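Q:
Numbering (mature numbering (1 follows the signal peptide of the UniProt record, and there is no 0)), first residue to last: -22 to -1, 1 to 229.
1) Given residue 17, which residues of its chain have a CB within under 6 Å of its CB, disregarding the five upstream and five downstream residues?
2) Can you tell me whether residue 41 is buried or exposed? The criterion is at least 16 other CB atoms within 10 Å of its CB, across all chains shown.
3) Mark residue 70 as exposed unless 16 or more other C-beta atoms lie within 10 angstroms of its C-beta, in which case mark it buried.
4) Candidates 13, 110, 214 and 6: which alpha carbon is nearest residue 142's?
5) Quick check for students: name the residue ranges of the alpha helix (DSSP H) that lie wholly in the segment 89 to 151, counting only runs of 4 or more.
6) With a threshold of 16 other CB atoms inside 10 Å of the CB of residue 68, please say whether the residue is buried or exposed.
7) Reducing DSSP to helix, strand and coil, say where residue 66 ends up.
8) Between residue 15 and residue 77, what straight-line distance do the alpha-carbon atoms span, to the nearest angstrom?
9) Within its chain, find whatever has a CB closer than 7 Å to the CB of residue 244; leave out the 5 residues flanking it on each side and keep chain order.
10) Whose C-beta lies closer than 6 Å to the C-beta of residue 62 among residues of the same chain, with five residues either side of it excluded?
11) Taking C-beta to C-beta, are residue 160 and residue 229 nearer than 8 Å?
12) Give me the Cα-Cα distance between residue 191 and residue 33, rounded to the nearest whole angstrom.
13) For residue 73, is the classification buried or exposed, using 16 other Cβ atoms within 10 angstroms of its Cβ as the cut-off for buried?
14) Identify the residues that DSSP records as bridge partners of residue 175: which are they?
15) How would you label residue 13, buried or exposed, when you count the other beta carbons within 10 angstroms and need 16 or more for buried?
16) Leaving out five residues on either side along the sequence, give the residues of the same chain with a beta carbon under 7 Å from the beta carbon of residue 21.
17) Could you pull out every residue in the same chain whose Cβ sits closer than 8 Å to the Cβ of residue 203, ignoring the five residues on either side in sequence?
18) Looking at the structure shown, is residue 40 part of a helix, part of a strand, or coil, going by DSSP?
19) Excluding sequence positions up to five away, which residues of its chain have a Cβ less than 6 Å from the Cβ of residue 146?
20) Buried or exposed: which applies to residue 102, given that a residue is buried once 16 or more other Cβ atoms fall within 10 Å of its Cβ?
21) How many angstroms separate the CA atom of residue 130 from the CA atom of residue 123?
22) Under the three-state reduction of DSSP, which class applies to residue 82: helix, strand or coil?
23) Hey, could you find the ends of the alpha helix (DSSP H) residue 51 is sitting in?
24) If I measure Cβ to Cβ from residue 115 and keep anything under 6 Å in the same chain, skipping five residues before and after, which residues do I get?
25) Return the CA-CA distance between residue 223 and residue 152, expressed in angstroms with no decimal places.
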């Protein structure tokens, strides 16, 4: 599972709402001013400007931050699309309603008027048709193969999740997936043990859902990473080898 659970307890501090940024000024979108200090510290490993560039985010777009966690990319996307754009943060109900999350999301809303939240249970995830220009799944697609009684996260069907995502994208819309590289094998078993996913599984799942593979970025690849280790292993945490794939909805 992604680091969202660990981040729940972190103190986050926000500044006043930001002025509109210049078109394609990704440096402005990821600038530390007004962002939580603990999230800014993640920038070195997550390379958010490179992610935005690969997504081809533009002012005025409608964006989806799927499984948004503590809103790391939600706020960055909100800056990138600007006041005429909109970001929907999907976060499963049980995580979003955690008392430790409430103040974080209140601060996000206060600082960014173009953010809205969708928080149904994960197994009730649904999208209206043709809404989003761009979508991001950052370190979360593997969780569609994860389940946990402890965290009240039921088994879900990745095919159904992607069908809803496909429906929600506009024709020609772009989806970018960033995830920890895992070995081949039984996907659910690999995810349960390592919280990684085989890149070929990602490609196959999105192809089956109707998306077209549109390229990959090497910006987050780390050849020295040991794919047999859990992403939570202290020796590699935050330093895993990650795919960054772009898919498009035809049209």
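The beta-carbon is built from N, C-alpha and C at its ideal position, and this holds for glycine as well. Keep in mind the model is a prediction, meaning the values are calculated, not measured.
A: Judging by the given coordinates:
1) If you number the chain shown from 1, residue 17 lands on position 39. 50.
2) Within the chain shown, numbered from 1, the residue matching residue 41 stands at position 63. Its Cβ being crowded by 16 or more others within 10 Å, residue 41 is buried.
3) For this step, residue 70 is matched to residue 92 along the chain shown. Flag for residue 70 reads buried.
4) Locating residue 142 in the chain shown gives position 164, counting from the first residue. Taking residue 142 as reference, the option from 13, 110, 214 and 6 with the minimal CA-CA separation is 110.
5) 136 to 146
6) Within the chain shown, residue 68 is the residue found at index 90, counting from 1. A residue is called buried when at least 16 other Cβ atoms come within 10 angstroms of its Cβ; residue 68 meets this threshold and is buried.
7) The residue you call residue 66 lines up with position 88 of the chain shown. In the structure shown, residue 66 sits in a strand (DSSP, three-state: E or B).
8) The residue given as residue 15 occupies position 37 in the chain shown. The residue given as residue 77 occupies position 99 in the chain shown. Cα-Cα distance, rounded: 20 Å.
9) Absent from the structure is residue 244, since the part of the chain shown begins at -22 and ends at 229.
10) Against the chain shown, residue 62 aligns to sequence position 84. Excluding sequence neighbours, residue 62 sits near 38.
11) Walking along the chain shown from the start, residue 160 turns up at place 182. Walking along the chain shown from the start, residue 229 turns up at place 251. Taking 8 Å as the Cβ cut-off, residue 160 and residue 229 do not qualify as a contacting pair.
12) Taking the chain shown and counting its residues from 1, the one referred to as residue 191 is at position 213. Taking the chain shown and counting its residues from 1, the one referred to as residue 33 is at position 55. Computed Cα separation, rounded: 13 Å.
13) On the chain shown, position 95 is the one that residue 73 refers to. Taking every protein chain shown into account, the CB of residue 73 has 16 or more other CB atoms within 10 angstroms, so this residue is buried.
14) Here the question's residue 175 lines up with position 197 in the chain shown. DSSP, once it has assigned bridges, lists 159 as partnering residue 175.
15) For the purposes of this step, residue 13 is identified with residue 35 of the chain shown, where counting begins at 1. Classification for residue 13: buried.
16) The sequence position of residue 21 within the chain shown is 43, counting from 1. Same-chain partners within the cutoff: 8.
17) Residue 203 sits at position 225 when you count from the first residue of the chain shown. Here the set comprises 159, 214, 217, 218 and 219.
18) One-based indexing of the chain shown puts residue 40 at position 62. In this structure, residue 40 counts as strand in the three-state DSSP scheme.
19) Position 168 of the chain shown holds residue 146. These residues qualify, in order along the chain: 105, 109 and 110.
20) Within the chain shown, residue 102 is the residue found at index 124, counting from 1. Exposed, by the Cβ-count rule.
21) On the chain shown, residue 130 is found 152 positions in, with the first residue counted as 1. On the chain shown, residue 123 is found 145 positions in, with the first residue counted as 1. Their Cα atoms are separated by approximately 14 Å.
22) In the chain shown, the residue the question calls residue 82 occupies position 104. Assignment of residue 82 by DSSP, reduced to helix, strand and coil, places it in the helix class.
23) Residue mapping note: residue 51 aligns to position 73 of the chain shown, counting from 1. Start and end: 50 to 59.
24) The residue you call residue 115 lines up with position 137 of the chain shown. Excluding sequence neighbours, residue 115 sits near 44 and 155.
25) On the chain shown, position 245 is the one that residue 223 refers to. On the chain shown, position 174 is the one that residue 152 refers to. Rounded to the nearest angstrom, the two C-alpha atoms are 10 Å apart.
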